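A short worksheet on the structure shown next.
Protein chains in written order, with our numbering: chain C, 1 to 111; chain X, 1 to 113.
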């Protein structure tokens, strides 16, 4: 069964304190792995798509990496405006476009 | 600007009442989706549609119904058969190409009163 597990559930960082969020996945065949940012009471906002092990994508203070079993979202020198819930999702190759979402990591960056 | 519009932002449902959530997109996307989000759970797929006049059940379709009469519109009806409808509902669309991921609407929070 396809599955996505995100850790930690919640993370508090001081401004400027770099860290990483983890997304472990089990899928029969990976079509893509997606990272989203979600602010309270709003819909998720697309960040990155990763397709194959070894791939990396960057956007401002965020960098996403992918291995055969997990993905990391590295946050370098975070600012308070980076506070949000970060969601990971995988899309398998089993026929449909269905995504499997993780439960997210709630990030709080303190000034 | 292109995007997805969900309305209303907040909706209150009485026991035994059907309610309809609106979702409209002007991105010219073929595929549209409805998800439900509950605290501590990942997004769960209710229904999806890859083409006009066709849709498929997702993982938790019981108590919900949809229609796809126009490419731009994918309304969701929460029927009285849905016993626990209080949740945050998200509509999304995609071009069908995985490269760009989903575009989500801003959500509708449904509460049973």
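Every residue gets a Cβ at the ideal spot worked out from N, C-alpha and C, and that includes glycine.
The model shown is predicted, which means the values in this text are computed figures rather than measured ones.
8 Å or more divides the Cβ of residue 66 (chain X) from the Cβ of residue 110 (chain X). Given a length threshold of 3 residues, each whole run of the beta strand (DSSP E) inside the segment 34-78 of chain C is given here in chain order: 45-50, 56-59, 62-66 and 70-75. Under the three-state reduction of DSSP output, residue 54 (chain X) falls in the strand class. Below 8 Å, too few C-beta pairs join the segment 4-20 of chain X and the segment 56-66 of chain C to call them touching: fewer than three. Under the 8 Å criterion on CB atoms, residue 42 (chain X) is classed as interfacial with respect to chain C. Shown here for residue 55 (chain X): same chain residues with a beta carbon closer than 6 Å to its own, the five before and five after excluded, namely 47, 49, 66 and 68 in chain order.
For the pair residue 41 (chain C) and residue 107 (chain X), the Cα-to-Cα distance works out to about 7 Å. Interface with chain C (8 Å Cβ-Cβ cutoff): residue 64 (chain X) is excluded. Only 88, 90, 91, 92, 94 and 96 from the segment 65-96 of chain X bring a Cβ to less than 9 Å from some Cβ of chain C.
Secondary structure at residue 24 (chain X): strand, using DSSP grouped into helix, strand and coil. Nearest CB-CB separation between residue 102 (chain C) and chain X: below the 8 Å threshold. Annotated as proximal: residue 6 (chain C) and residue 102 (chain C), with beta-carbon spacing under 8 Å. Only residues of its own chain outside the window of five on either side were considered, and among them 2, 90 and 92 have a CB closer than 6 Å to the CB of residue 27 (chain C), listed in chain order.
With respect to the 8 Å criterion, residue 62 (chain C) and residue 73 (chain C) are classified as neighbours on the basis of their beta carbons.
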